[in-house]
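Engineer:
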Amino acid sequence: LLKSKLIKFYDISADKIEVIPNGVDLELFKPTKLPDEDIIIYYGTLAPHRARFLVKVIENVLKRRRDAKFIIIGDVPRWLQEYLACKSYVESIIMPGYIEHDKLPEWIRKAKVCIFTQDISLGGRFPTKLLDYMASGRPIVATDVDESWPIKESGAGIISPLNPKAFAENIIKLLEDKEFAMKLAERGVKYARQYSWNNIVARYVKLMKKVIES
1 LLKSKLIKFY
11 DISADKIEVI
21 PNGVDLELFK
31 PTKLPDEDII
41 IYYGTLAPHR
51 ARFLVKVIEN
61 VLKRRRDAKF
71 IIIGDVPRWL
81 QEYLACKSYV
91 ESIIMPGYIE
101 HDKLPEWIRK
111 AKVCIFTQDI
121 SLGGRFPTKL
131 LDYMASGRPI
141 VATDVDESWP
151 IKESGAGIIS
161 PLNPKAFAEN
171 IIKLLEDKEF
181 AMKLAERGVK
191 YARQYSWNNI
201 VARYVKLMKK
211 VIES
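Residue numbers for the sequence shown follow this note's numbering, so the first one is 1 and each next one is one higher.
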């Protein structure tokens with residue numbers, strides 16, 4: 001997607017562009033068995049518009065699954081903390097704040113479902129969190145934006161309309177259908193292997209040799 005946009009915008013020949021994506025540390029992020037507890041994880045930034053969408057998703061899930069819990073990893077804005085503190089469901093939300101990347105696996109292992117709630121397309125970049133989720137063997141629910149292309153390509157999750165009720169329904173589907181959730185998780189693990197840092201470094205080395213030889 002990014003390559004096609006560069007070709008179109010700059011009128012560059014396709015053979016002059018090599019797109020090398022981010023990688024994932026497969027020694028750090030390893031697949032584990034899905035837990036019994038219904039925990040959903042979000043990690044990343046929380047701009048106001050994205051935070052409002054996430055809150056609506058949480059509320060829709062908890063209406064149906066009162067036993068579910070959400071873990072929000074990242075810097076939660078004060079206004080959002082104050083808003084959630086007034087809600088009856090606040091005890092269903094865990095907000096550990098910013099977590100160092102090497103500590104993320106122990107948190108992701110707690111999740112039965114991981115979510116990606118980006119609400120606008122930003123050019124088709126490859127969010128590292130998607131690789132972290134997939135390598136950890138977690139099924140994903142993602143919004144239908146350009147950045148969700150790895151989920152579409154791998155089949156490792158459900159692509160949901162940018163509608164909080166529909167998004168919540170897809171989370172609940174994965175919570176209730178463990179066999180389906182495991183199937184998606186397995187696809188993600190397989191897909192993530194091609195993005196190991198060893199493979200990514202090999203692609204850089206190959207490209208540099210090609211440039212030197214030319």
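Every residue gets a Cβ at the ideal spot worked out from N, C-alpha and C, and that includes glycine.
Would you mind sorting Thr117 into buried or exposed? The rule is 16 or more other CB atoms within 10 Å of its CB.
Structural biologist: Buried, since its Cβ has 16 or more Cβ neighbours within 10 Å.
Engineer: Tell me where the beta strand (DSSP E) around Ile140 begins and ends.
Structural biologist: It spans 140-143 - the beta strand (DSSP E) in which Ile140 sits, taken as one unbroken run.
Engineer: Near Met95, what residues of its chain come up, given a Cβ to Cβ distance below 6 Å and the 5 sequence neighbours on each side ignored?
Structural biologist: Here the set comprises Ile72, Val76.
Engineer: Counting only the same chain and skipping the five closest in sequence on each side, list residues whose C-beta sits under 6 Å from that of Ala111.
Structural biologist: Excluding sequence neighbours, Ala111 sits near Ile39, Ile41, Arg138.
Engineer: Going by alpha carbons, who is nearest to His175 out of Met208, Ala156, Ala202, Pro35?
Structural biologist: First, the residue type needs correcting, since residue 175 is Leu and not His in the sequence shown. Taking only the C-alpha atoms, the option nearest Leu175 is Pro35.
Engineer: Are Phe29 and Ala135 close, meaning C-beta to C-beta below 8 Å?
Structural biologist: Their beta carbons are under 8 Å apart, which means Phe29 touches Ala135 by this criterion.
Engineer: Give me the Cβ distance between Leu130 and Ile140, rounded to the nearest whole Å; I'm assuming they're in contact under 8 Å.
Structural biologist: Between Ile140 and Leu130 the Cβ distance is about 7 Å, and since that is below 8 Å, they are a contact.
Engineer: Near Ile58, which residues of its chain fall below 6 Å by C-beta distance, leaving aside the five closest residues on each side in sequence?
Structural biologist: Result list for Ile58: Phe70, in chain order.
Engineer: By alpha-carbon positions, which one of Ile172, Glu100, Leu104, Arg65 ends up nearest to Tyr89?
Structural biologist: The candidate whose alpha carbon is nearest that of Tyr89 is Arg65.
Engineer: Could you tell me the alpha carbon to alpha carbon distance between Asp119 and Ile159, rounded to whole angstroms?
Structural biologist: Going from the Cα of Asp119 to the Cα of Ile159 covers about 12 Å.
Engineer: Assuming Trp197 contacts Asp25 under a Cβ cut-off of 8 Å, what Cβ separation, rounded to an integer in Å, is found between them?
Structural biologist: Going by Cβ atoms, the distance from Trp197 to Asp25 rounds to 6 Å, so yes, they are a contact pair.
Engineer: Just reading off the alpha helix (DSSP H) that Tyr191 is part of, what are its end residues?
Structural biologist: First-last of the alpha helix (DSSP H) with Tyr191: 178-193.
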